[in-house]
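Here is the structure we will look at, set down as structure tokens.
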Amino acid sequence: MSVPRRTQSGPRCALFARTRQPKWCQRSKWIAEKDSPSACTATRAASTPTTICNRSNENKMANAHVQSALNRFFDASKFAVVGASKDATKFGNKVLKWYQAHELDVTPIHPKEAEIEGLASQPDVARFLDAAGTSADKIAISVVTPPKISLTVVQTGLQDQGISTFWLQPGAEDAELVKWVQAQPASIQERVIYGGPCILVSGRQLAADKGKL
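Residues are numbered in this note's numbering as their position in the sequence shown, beginning at 1, plus a constant of 38.
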């Protein structure tokens, strides 16, 4: 007696109904959430091999721009930390201390504090530039602020103030900020570090490569 063939329970990807589902289909978060064949079909339409390749190329371009920004960050002669903090548990304090520990010329930027870690603070980037005594293209800035603030700081700094490079610490960016950066010409994208690099981890070698240590 023949045994009826068991059928798979739950939704299957329409594209791979007769074959083993590829990982990119099996792991689709949208499919898992919607739990419907139509969701998988829609995901298939949005995730054709051509689309995947295009996204891969976009990611490679973004990574190349970030690498360019990493390579130029320590060309600066002066640095600032937007979001510097007196609280030793916060990254705004840790990043500031990193600059101090490596004897780099750094200024904390905070709207209310006059002094942080023994350094005179400036209330915003504009005031810092006025007091810096050097051109904006010789200044690089670490950003350790909530994403909404970071977006304004980066937009103004790149478009209006001419800051050399911004380093967004993890947590200082969101999808809106990344979307804005990636919509800019390459000359702007190559001046923003985002997507995960942390100065506490990568900064020492990058600074050493530029002869700053």
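Cβ atoms here follow ideal geometry from the backbone N, Cα and C, with glycine treated the same way.
All values reported here derive from a predicted model rather than from experimental measurement.
Taking 8 Å as the threshold (C-beta atoms), are residue j and residue i in contact?
i: Ala210; j: Ser188; result: yes
i: Lys176; j: Ala114; result: yes
i: Lys132; j: Leu206; result: no
i: Val191; j: Val120; result: yes
i: Ala178; j: Thr145; result: no
i: Gln199; j: Ala174; result: yes
i: Gly130; j: Ala122; result: yes
i: Phe166; j: Tyr137; result: no
i: Arg229; j: Ala152; result: no
i: Ile256; j: Phe111; result: No information on residue 256 is available, as it lies outside the stretch 39 to 251 that the chain covers here.
i: Gly234; j: Pro208; result: yes
Indicate the three-state DSSP secondary structure (helix, strand or coil) for residue i in the structure shown.
i: Ser240; result: helix
i: Thr145; result: strand
i: Ala170; result: helix
i: Pro235; result: coil
i: Gln193; result: helix
i: Lys135; result: helix
i: Ala83; result: Its pLDDT being 38, under 50, Ala83 is placed unreliably by the model, and the measurement read from it follows with that caveat. Residue state, collapsed to three classes: helix.
i: Ala164; result: helix
i: Leu108; result: helix
i: Pro223; result: coil
i: Ala114; result: coil
i: Asp198; result: helix
i: Ala28; result: Residue 28 lies beyond the range of the chain shown here (39 to 251); nothing can be said about it.
i: Gly249; result: coil
i: Asp175; result: helix
i: Lys124; result: coil
Looking only at DSSP bridge pairs, what is residue i linked to?
i: Ser180; result: Val119, Trp205
i: Ile154; result: Leu157
i: Val216; result: Beta-bridge pairing links Val216 to no other residue.
i: Val230; result: Phe204
Looking at the ligand ADP, does it come within less than 7 Å of residue i, judged from the CB to the closest heavy atom?
i: Cys236; result: As far as ligands go, the structure on display features none, and thus does not contain the ligand ADP.
Under 8 Å by Cβ, that's how I've got residue i and residue j pegged, so tell me the actual separation to the nearest angstrom.
i: Lys250; j: Leu134; result: About 16 Å separates the two Cβ atoms, so there is no contact after all.
i: Ile147; j: Lys124; result: Wrong, their Cβ atoms sit about 13 Å apart, outside the cutoff.
i: His103; j: Gln227; result: 4 Å
Meets three-Cβ-pair contact criterion under 8 Å: the segment 214 to 221 and the segment 155 to 172: With a cut-off of 8 Å, the segment 155 to 172 and the segment 214 to 221 do not count as touching, because too few Cβ pairs lie within range.
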